[in-house]
Structures are given as C-alpha cells and as structure tokens.
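The sequence shown maps to residues -26 to -1, 1 to 225 in mature numbering (1 follows the signal peptide of the UniProt record, and there is no 0).
Virtual Cβ for every residue (Gly too), placed ideally from N, Cα, C.
These numbers come from a predicted model, not from an experiment.
Encoded as structure tokens, the structure appears first; notes follow it.
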Amino acid sequence: MARTMMMKLFFGLIFAISSLFYDSSASYTFPRHKFEAWFGTYAHHFEKSSTTVCNSTLQQYRNHRFGLPDTNLAVAHHADCILANTTETIKANMASAGIVLGLMPSLLSSFGPTLAESSTLVLERPFLSLLLAIGAPAFYPFRAFDDQHPFEALKRPFRTLQHISSSRWPHVLIKLLQYLLALAGAVNVVETSLQLGMKTVVTWKKDQSYLPLVWVLLPLAIHLFAAIRVLSVVKRVRNHPGHILQVTDVK
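So, in structure tokens, the structure goes:
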C-alpha cells in the first residue's frame, strides 16, 4: 500500500508540473513574461536598458506568440541588446556571482541528510521525508560512493527526547517545529526556483520559465525511488518474519 501511494505521489507530481508549464500561454496562475521582473542589485539598470535603448526588441518579443520557434530568437535579441548596453564591471560581477551560486547547492547539500537517511525516514514520517527531499536543492555527490547501511539507525534506541519531559506536549511541539522548518525549506526552494525562472534566461530554452524548478525537483525523484526500495524491503521482512535483513537487500 505504501509503495503504491509513493508511486502515485511521484507520477502525480510530475503530471502536475508538466501540465502547469506545458504551454506557457495556457495558464495564468503565474506570470510567464520575461523581462518584467529583475533581481534587485541591477534591477534599475536592466529595466532602464530594456524599456529605453532596447525598447524595439522588447516590443518584438511581446508581439510574438509564446511557444513558436521564433520566440526564442526574440528573447535572444532582447537579451543581447541589454547585455550590449551593460558595463563590463556589471558583467564581471554577474560572472563571479554565477560561480558562487553554481557551487552553493553542492556545498549546502553536504550539511543535509544522506539519501539513505531521508529514504529511511519514510518508514516513520513520510510527509516530513518528502518535505526534506523537496527542500534539498541537491544531493551530496560523493555520498553516492559511501557504503551506507540505511537500517542501522533503526536498530539503535531513540533517546533524544526522553530527558525533556514525560509529557506528550513537548514531543508534539518539537514535531510541529520540525514540520514547519521542513515546510519553510521546501517553500523557499520552490519559490526561489520560480523567481529564478522568471528573472533569468536559460540559453537553450529561452522562452520557458519552469526549467529551474524541474532541476531542483530532480532529487525528489531519486528520493522517491530510494524510498520505494526501502518500503519494499520492509514489506518483505514483515511478510517473512524469519528473514534476516542483509545489506544487499537495500542496495
């Protein structure tokens, strides 16, 4: 049952994302016009260049129907015009920021849970595990080569909260705080991805805004498949109580 629910959740999420962004002119739940929103540091400069010196290419872009092949050319022409009227100092600062932002997801992922930890969490807190997977913009790449044992954590007694109080409410409040923090992280990743899609131009798909969101949700697919594997192993052990769990069962 749990495996079926995880599969439905995965394909339902993929269907929702693809149906929302398949045709950029079909949905108006989120604005999809490029060159209308800018990041704050150089927003005034880009806005001024876009609406004055490059106004002709901006109008060409706005007059095109979204989804047509020449829309990419219109976006490219307007972006080139803005960059041509941008100082080299601003371009250098943007290039430096691009390097830092490119490294940041991998650096942050080194502080997050491993794939084995997040997938094992499905056994006790499936919704929390899902939020943590969404809130992590990337997985730490070197952990893929580690010899991990997902069920080792389940063999150790959980004593972290015993010294706080025997009352139920502290445990409830701590769990609520965990869910709120995980939800805030997931919302932050999704909202930032949407802003990134609107305020930047992807060079190979210039008229679309959903690609950053798809990129940050790719680890969610990896997490779901790992969780399905863990759930299948647990189901096998429950159906065969005499079965001895081996490391190879979860690899």
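**Prompt:** For the putative contact between G171 and L187, defined by C-beta atoms under 8 Å, what is the C-beta separation to the nearest angstrom?
**Reply:** 6 Å
**Asked** Expressed to the nearest angstrom, what Euclidean distance is found between the alpha-carbon atoms of Y184 and R142?
**Response** The alpha-carbon atoms of Y184 and R142 are separated by roughly 43 Å.
**Item:** Backbone CA spacing between K149 and I64 [nearest angstrom]
**Value:** C-alpha separation (whole angstroms): 45 Å.
**Item:** Exposed unless 16 or more other CB atoms sit within 10 angstroms - verdict on D181
**Value:** buried
**Item:** Y153, enclosing alpha helix (DSSP H) - first and last residue
**Value:** Its alpha helix (DSSP H) spans residues R142 to K173.
**Request:** Within the same chain, show all residues whose beta-carbon is closer than 8 Å to that of L102, passing over the 5 residues directly before and after it, in chain order.
**Result:** Cβ neighbours of L102 beyond the five flanking positions: L95, Q152, Y153 and A156.
**Asked** For A110, which of V163, H52, T60 and A53 has the nearest alpha-carbon?
**Response** V163
**Request:** Rounded to whole angstroms, what's the CA-CA distance from residue 239 to A71? Just pull it up for me.
**Result:** Past the boundaries of the shown model lies residue 239; the chain is included only from -26 to 225, so the question cannot be answered.
**Complete beta strand (DSSP E) runs within the stretch 5 to 92 (minimum length 3 residues, chain order)** = none
**Message:** Taking a contact to mean a Cβ-Cβ separation below 9 Å, would you say Q33 touches H51 in this structure?
**Reply:** The answer is no: Cβ separation not under 9 Å.
**Request:** Within its chain, find whatever has a CB closer than 6 Å to the CB of A(-25); leave out the 5 residues flanking it on each side and keep chain order.
**Result:** With a pLDDT of 47 at A(-25), under the threshold of 50, the predicted position of this residue should be treated as unreliable, though the coordinate-derived value follows. Contacts found: L205.
**Asked** Can you round the beta-carbon distance between N67 and S23 to whole angstroms, since I take them to be within the 8 Å contact cut?
**Response** Contact between N67 and S23 is ruled out by a C-beta separation of about 16 Å, above the 8 Å threshold.
**Assumed close pair P79, L106 - CB separation to whole angstroms, cut-off 8 Å** = Actually they are not in contact, since the Cβ atoms of P79 and L106 sit about 15 Å apart, beyond 8 Å.
**Request:** For my contact list, residue 247 and H197 are in at a C-beta cut-off of 8 Å; report their separation, rounded to the angstrom.
**Result:** The chain is shown from -26 up to 225; residue 247 falls before or after that span and cannot be answered.
**Message:** Closest to T166 by C-alpha separation, out of A69, S30 and I108, would be which residue?
**Reply:** I108
**Request:** Check whether the Cβ atoms of K179 and N46 lie closer than 9 Å to each other.
**Result:** yes
**Message:** Measuring straight from C-alpha to C-alpha, what distance separates I202 and V190?
**Reply:** 20 Å
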